[in-house]
Amino acid sequence: MSTPLDTNALKARQQAAWASGDYAVIGTTLQLVGERLAEACDLRWDEQVLDVAAGNGNATLAAARRGCRVTSTDYVPELLKRGEERARAEHLNVLFQAADAEALPFADGTFDAVLSTFGVMFAPDQAQAARELVRVCRPGGRIGLANWTPQGFVGLMFKMLSRHVPPPPAALPPSRWGDEEQLRVMFEGALGELKVSRQQFNFRYRSAAHFIEVFRTWYGPVHKAFASLEPEAASALERDLTQLLEENNVAGPSSLVVPSEYIEVVVIRG
């Protein structure tokens, strides 16, 4: 008999992982994704927009730059502070509020658009997170998502990490959010229309060793994975990650450019 997933324990573990290091060092490089998503959702001036699991605020800033009234949420207060610093530097008026993607503290139908870039996909209770996105979005509004695919580089990296540091047996992989058919199941009953576009983000570093140094220091899940392993096991993880990076490097031996596939999703709420 399988053991039921303790989502609260997993959430606490994830929260500790994302609070470790400093995700903003990585997150800032992904700003292009937020800009693309804002355009895909055709955001309009004065629309009410919610950014869920916003991290350091890429989609938040993209929406605010388009004149939207933005509320930026995450369950890691330290990341919200980094987003607030960025908004202040650009003189953008954004409301920042700590919130759990699985229990958003907003009334039904509050927002014209609900966004998340590589954020809500990590919620332990995926079905509940999807229900919350739908609940706070008004009928006819848009839910815009950027999700890493299972077959893209980041999806493969997380699969490899799970071999070295196994997740709880009942935990669902975040990359399910990068599968169009799974999304149709998650949003069944709320879909007016589903638009999916495959995109690529290029990670750009000096070398595989440079990528690992940055991610091991600043990117919570990788930071925690290395910290949890004994030296010999950590060396094995480093070898496997190096191999994955070099296999996907399109820049040749003098640099590192690794394309990673993600899907850009726009759900028109029925």
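Residues 0 to 269 (numbering that gives the first Met the number 0) are what the sequence shown spells out, left to right.
All C-beta atoms in this analysis are idealised placements derived from N, C-alpha and C, irrespective of residue type, glycine included.
Close beta carbons around residue i, own chain, < 7 Å, minus the five adjacent residues each side
i	result
GLY20	THR216, TRP217, TYR218, GLY219 and HIS222
Cβ shell of residue i (< 8 Å), same chain only, five flanking positions each side left out
i	result
ALA11	none
THR148	GLY154, SER174, GLY177, ASP178, ARG197, GLU260, TYR261 and ILE262
SER161	PRO172
Residue i - partner residues in DSSP beta bridges
i	result
ASP73	ALA97
PHE202	VAL257
LEU244	DSSP output for LEU244 lists no bridge partner at all.
ARG68	GLN47
LYS194	VAL265
Nonlocal neighbours in the same chain, by C-beta distance under 6 Å from residue i, ignoring five residues either side
i	result
ASN55	ALA23, GLY26, LEU78, ARG81 and GLY82
PHE214	VAL221
ALA16	GLY219, PRO220 and LYS223
CYS136	PHE110, VAL113, ILE142 and ARG268
MET0	In this prediction, MET0 has a pLDDT of 49, which is less than 50 and means its spatial position is unreliable; nothing more can be read from the coordinates.
Candidates the options, of which the one nearest residue i by Cα
i	options	result
LEU91	TYR261, ARG134 and VAL69	VAL69
GLU231	HIS163, LEU36 and ALA126	HIS163
PHE152	PHE186, GLU179, PHE200 and ALA189	PHE200
TYR204	LEU228, VAL249 and ASP178	VAL249
GLN14	CYS40, GLY66 and ASP73	ASP73
ARG175	PHE202, VAL119 and PRO168	VAL119
GLU34	GLN242, LEU60 and PRO173	LEU60
ALA122	VAL75, ALA88 and PHE105	VAL75
ALA8	GLY188, SER71, VAL266 and PRO167	PRO167
ALA100	ARG87, ARG85, ASP107 and ARG130	ARG130
ARG87	ALA102, LEU182, VAL264 and ARG64	ARG64
LEU236	LEU190, LEU171 and MET159	MET159
TRP273	LEU36, LEU132, ALA62 and GLY66	Any question about residue 273 goes unanswered here, given that the chain covers just 0 to 269.
HIS209	ASP124, VAL257, GLU229 and ALA106	VAL257
Uninterrupted alpha helix (DSSP H) stretches inside the segment 102-185 (no shorter than 4 residues): As far as the segment 102-185 is concerned, its whole alpha helix (DSSP H) runs of at least 4 residues are 125-135, 152-163 and 179-185.
Assess contact between the segment 106-120 and the segment 128-142, defined as three or more Cβ pairs (one per stretch) separated by less than 8 Å. Is contact present? With the cut-off at 8 Å, the segment 106-120 and the segment 128-142 touch.
Quick test of the definition: if touching needs 3 or more C-beta pairs under 8 Å, does the segment 42-55 touch the segment 90-107? These segments touch.
Could you name each continuous alpha helix (DSSP H) segment of 4 residues or more that falls completely within the segment 204-240, going from the start of the chain to the end? For the segment 204-240, whole alpha helix (DSSP H) runs of length 4 or above, ordered along the chain, are 207-217 and 219-227.
Can you list the alpha helix (DSSP H) stretches of 4 or more residues lying completely in the segment 1-44, in chain order? For secondary structure counted as the alpha helix (DSSP H) over 4 or more consecutive residues, the segment 1-44 holds these complete runs in sequence order: 6-18, 22-26 and 30-39.
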